Structures are given as structure tokens and as C-alpha cells.
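So the sequence shown is residues 219 to 542, counted in this note's numbering.
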Amino acid sequence: MTIFARVAGTGSSLPDRILTNQELESMVDTSDEWIQSRTGISERRIAAEGETTCDLAEKASLDALDAAGVDPQDIDLVVLATTTPDQVFPSTACLLQERLKISNNSPAFDVQAVCSGFIYALDLANKFITGGNVKCALVVGAETFSRIIDWTDRNTCVLFGDGAGAVVLKADQESGITSSILHANGAYNRLLHVPHGVSKGFDRVQAGGAFTQMQGSEVFKFAVRALGDIVDEVLEKEGLSKNDIDWLVPHQANIRIISASAKRLGISLDKVIVTIERHGNTSAASVPLAFDEAVREGKIKRGQRVIMEALGGGFTWGAVLMVY
Ligand code: ACO
Numbered sequence: 219m220t221i222f223a224r225v226a227g228t229g230s231s232l233p234d235r236i237l238t239n240q241e242l243e244s245m246v247d248t249s250d251e252w253i254q255s256r257t258g259i260s261e262r263r264i265a266a267e268g269e270t271t272c273d274l275a276e277k278a279s280l281d282a283l284d285a286a287g288v289d290p291q292d293i294d295l296v297v298l299a300t301t302t303p304d305q306v307f308p309s310t311a312c313l314l315q316e317r318l319k320i321s322n323n324s325p326a327f328d329v330q331a332v333c334s335g336f337i338y339a340l341d342l343a344n345k346f347i348t349g350g351n352v353k354c355a356l357v358v359g360a361e362t363f364s365r366i367i368d369w370t371d372r373n374t375c376v377l378f379g380d381g382a383g384a385v386v387l388k389a390d391q392e393s394g395i396t397s398s399i400l401h402a403n404g405a406y407n408r409l410l411h412v413p414h415g416v417s418k419g420f421d422r423v424q425a426g427g428a429f430t431q432m433q434g435s436e437v438f439k440f441a442v443r444a445l446g447d448i449v450d451e452v453l454e455k456e457g458l459s460k461n462d463i464d465w466l467v468p469h470q471a472n473i474r475i476i477s478a479s480a481k482r483l484g485i486s487l488d489k490v491i492v493t494i495e496r497h498g499n500t501s502a503a504s505v506p507l508a509f510d511e512a513v514r515e516g517k518i519k520r521g522q523r524v525i526m527e528a529l530g531g532g533f534t535w536g537a538v539l540m541v542y
């Protein structure tokens, strides 16, 4: 008997504070016109002082549990993808487990693959479920990326935002995730990174100077190629054609990268879930945030075939194909 990991419920959460392109015009040398035409972003959400990744993850998780009709005690795995954990340790997944009052000693851990983190987390949870060890997993992508942004650097500060998305995955005999592919190539680590951390450059962290640095056009070129290739790879693995796909849920990094992916798939943009205009790039949260919005708006329906894809620092990249 084949067991699938099926999405039973979705949830998401955004901070209240909206930061518009117009406000950014007064912070750095940029313009609403430049940001919109180069990225597709018009506003993003920014966490309030003291509001943490775990706070956003908790709200998104409660939404997802509610939508799935699942009691937190029935969650036997928590996987949380983040680049911006609340603390060095314990993992934000363990902090979330406590918040949700999950007291069944089931495993909980964080995944760090930057913007691909949620795809990595889904892949792992899928393997736990199809391996027969887990019946019900909570998979979260949550970020307070604004904390690792230099708000005087126009190359990066216009791009990112904060948020969280979550799914409850249940073991199911009918259908669910049918394929997932992960890739990484560490040779590209310097193109998109925070070059300081705990065991290297900790003085910069303490001085409040550890921020995201990106060679945008190099990342852009790689992303267009890698995301196009991985969609072909996942379709080939499943023996499917482009016509079999109902929805593409891409990482929300740049509308031009999203459009290129859609073109490569041969689908029109109205079959692509796009939230970048209002969310910006929320890193590991971007795919589950977009997915939850599309499910709640009634766009993505039960039985439809969905591809999720993302690329992030590392480089890491991946794709998941599922029947929702
Ligand atoms: N406002 C105005 N001008 C700007 C801004 C800004 N905010 N930012 C850069 N510019 C300028 C540059 O300085 C440059 O000026 P110059 O020609 O005088 O030197 C000019 O605009 C063009 O810069 P480019 O970098 O060539 O612009 P590009 O068209 O590549 O767009 C962007 C930049 C939006 C960053 C794009 O490269 C991109 O989206 N890259 C990919 C990002 C991505 O996919 N990230 C995914 C993963 S994120 C993660 O893992 C954390």
C-alpha cells in the first residue's frame, strides 16, 4: 500500500506594519518606479520590534492546524525552515513546539536552506511520512528577514519582507506529494550571503553589522536557468507533460524570474500564484504564504496538480510536485 503525504490544511501570518516603496524612497536612493519595474514589489511587511520568527510561525501554524482540523497533540513532527531563528539554540521548531503545547516528545528541528528552506522542509517531512515513521507533520517557513537587512543598502533593502506560512501534512492513501527534488551548489555561496555569524565574524554580529549581501544580476541569471531546469526535471521524473500542471507556486523573489519560469513551463501567468507585489521576498516563508493565500482564495482546488519551486542562498534550489 502506497502512503502519500497530503496537505490537510494551510495557514499564514504577516506582521501588521506595511513598508511601501514610497517610504523606501525617503530611506535610500531609489524610486517606486525602479522597484516595481525591476522586481514587481510595491510593498512588504516588517516585523514590529520584539516580534519574532516564532511569533509569526505560531500564528501561521494555528491557522493551518485549524484548517486541517488537527489537534496539536496529534502532530508527531515539526520541521521549520528559517534563516532568521529566534535564538542560536534551541531551534525555533522546539520553541514553536512549546508554544503549541505539543508534549508528545515527537521530533522538532529547523532547516536552513534560505529561500529554498520550505521546499527542503517539505521534502524531509514527506520522507518521514512515506517512510512510515510519522502520521501528521507540521511544516513551517517563517522569517524576520528584515533583521539581517542593511536599511541603507538599496541593492537589498527594497527586496525583502517578513512573514510565515505553514502546512499540516497527513499520511494518506489517496494522493499528495508525488515527487520532490533538491539541489545545492556551495561554490556559489559568496553570491548571496550574510558573511558573518557565530563562529566567524561574531564581532560584526555584536556590532549590529551582519547583513545580507547579494550580487543580484548573477543570482538572477542562475535562478532563471536553475528553476527552469528543475521544473523539467520533476516533470520528467513523474512522466508528466507541462499540460498536466494546474498551478505553479514559485518562490517570490522577482516577477521577472517568475515570468521566465512560467514561460519555460508554457503556462500563462494566471496559472501562477503571485504575491510578490504585496509581500516582497520573504525567503523561506514565500512559498507557503503564497500557497495558503491561493488555497484560501479558492484558486487551488482539491485534486489539482501543483508545482512549488524555489532558489536561495547556498545556492540551494528545489521543487515539489503534489496533488493538492
Ligand atoms: N533603486 C535604484 N537603483 C538601484 C537599486 C534600487 N533599489 N538597486 C540597484 N540599483 C541600480 C544599481 O546600482 C545599478 O546601477 P549602475 O548601472 O549605475 O551600476 C542598476 O540599478 C542596475 O543594477 P542591476 O543589479 O543590474 O539590476 P537588475 O536588473 O539585475 O535588478 C535585482 C536587480 C532586482 C536585485 C535582480 O538582480 C534580482 O532580482 N536578482 C535576484 C534576486 C533573487 O532571486 N534572490 C533569490 C534568492 S534570495 C535569498 O536566498 C535570500
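The C-beta atom is built at its ideal place from N, Cα and C for all residues, glycine as well. Values in this document were obtained by computation on a predicted structure and should not be read as measured data.
Does any heavy atom of the ligand ACO sit closer than 8 angstroms to the C-beta of residue i?
i      : result
Leu337 : Checking the sequence, you will find Ile at residue 337 rather than Leu. For the ligand ACO, not one heavy atom lies less than 8 angstroms from the Cβ of Ile337.
Arg474 : yes
Val329 : no
Asn499 : yes
Met245 : no
His469 : yes
Val432 : The sequence shown places Met at residue 432, not Val. Correct: Met432 has its Cβ closer than 8 angstroms to the ligand ACO.
Trp252 : yes
Leu410 : yes
Phe429 : no
Phe307 : no
Phe363 : yes
Ser249 : yes
Val225 : no
Asn373 : yes
Thr370 : no
Ser435 : yes
Cys272 : no
Phe346 : no
Val490 : no
Thr301 : yes
Thr238 : no
Ala493 : Checking the displayed sequence, the identity of residue 493 turns out to be Thr instead of Ala. False, no ligand heavy atom lies under 8 angstroms from that Cβ.
Leu529 : yes
Secondary structure at residue i, three-state DSSP: helix, strand or coil?
i      : result
Asn407 : helix
Phe440 : helix
Gln315 : helix
Arg365 : helix
Asp464 : coil
Gly419 : coil
Gln451 : According to the sequence displayed, residue 451 carries Glu and not Gln. It is helical.
Ala343 : helix
Glu261 : strand
Asp371 : coil
Asp250 : helix
His497 : helix
Gly446 : helix
Phe508 : The question names Phe, yet the displayed sequence has Ala at residue 508. Residue state, collapsed to three classes: helix.
Val513 : helix
Gln481 : Checking the sequence, you will find Lys at residue 481 rather than Gln. Three-state result, Lys481: helix.
Lys388 : strand
Report the rounded CA-to-CA distance for residue i versus residue j, giving the unit in angstroms.
i      : j      : result
Asp447 : Leu529 : 12 angstroms
Val492 : Arg482 : 16 angstroms
Asp488 : Val416 : 43 angstroms
Arg365 : Thr302 : 8 angstroms
Met219 : Glu269 : 45 angstroms
Glu454 : Asp421 : 48 angstroms
His411 : Glu361 : 15 angstroms
Gly426 : Ala402 : 29 angstroms
Gly349 : Ala389 : 10 angstroms
Gln391 : Ala223 : 9 angstroms
Gly531 : Cys333 : 7 angstroms
Asn373 : Gln254 : 14 angstroms
Asn323 : Val296 : 11 angstroms
Arg256 : Ile473 : 8 angstroms
Val329 : Ala339 : 6 angstroms
Thr310 : Ala441 : 28 angstroms
Val445 : Lys517 : Just to set this straight, residue 445 is Leu in the shown sequence, not Val. Their backbone Cα atoms lie some 23 angstroms apart in a straight line.
Lys319 : Asp289 : 10 angstroms
Comparing the C-beta of residue i with each C-beta of chain B, is any distance below 9 angstroms?
i      : result
Val352 : Among the protein chains of the structure shown there is no chain B, as only one such chain exists.
Less than 8 angstroms between the CB atoms is what I'm expecting for residue i and residue j, so what's the real figure, rounded?
i      : j      : result
Gly227 : Ala286 : 3 angstroms
Thr500 : Asp380 : 6 angstroms
Val225 : Leu387 : 6 angstroms
Leu356 : Ile293 : 5 angstroms
Restricting to Cα atoms, I'd like to know which of the options is closest to residue i.
i      : options                        : result
Leu298 : Phe440, His401, Thr271         : Thr271
Ser230 : Phe363, Lys418, Leu274, Val296 : Leu274
Asp234 : Arg372, Ile320, Ala382         : Ala382
Ser397 : Asn239, Leu242, Val524, Ser255 : Val524
His469 : Gly484, Ala502, Arg443         : Ala502
Ile236 : Gly394, Gly498, Val437, Thr257 : Gly498
Ile476 : Met245, Met432, Glu495, Gly404 : Glu495
Asp462 : Leu318, Ala471, Asp450, Ile473 : Asp450
Asp284 : Glu527, Val385, Ile221         : Val385
Ala537 : Asn472, Trp369, Asn344         : Asn344
Leu232 : Ile264, Ser260, Val246         : Ile264
Arg262 : Ser459, Val513, Leu507, Glu527 : Leu507
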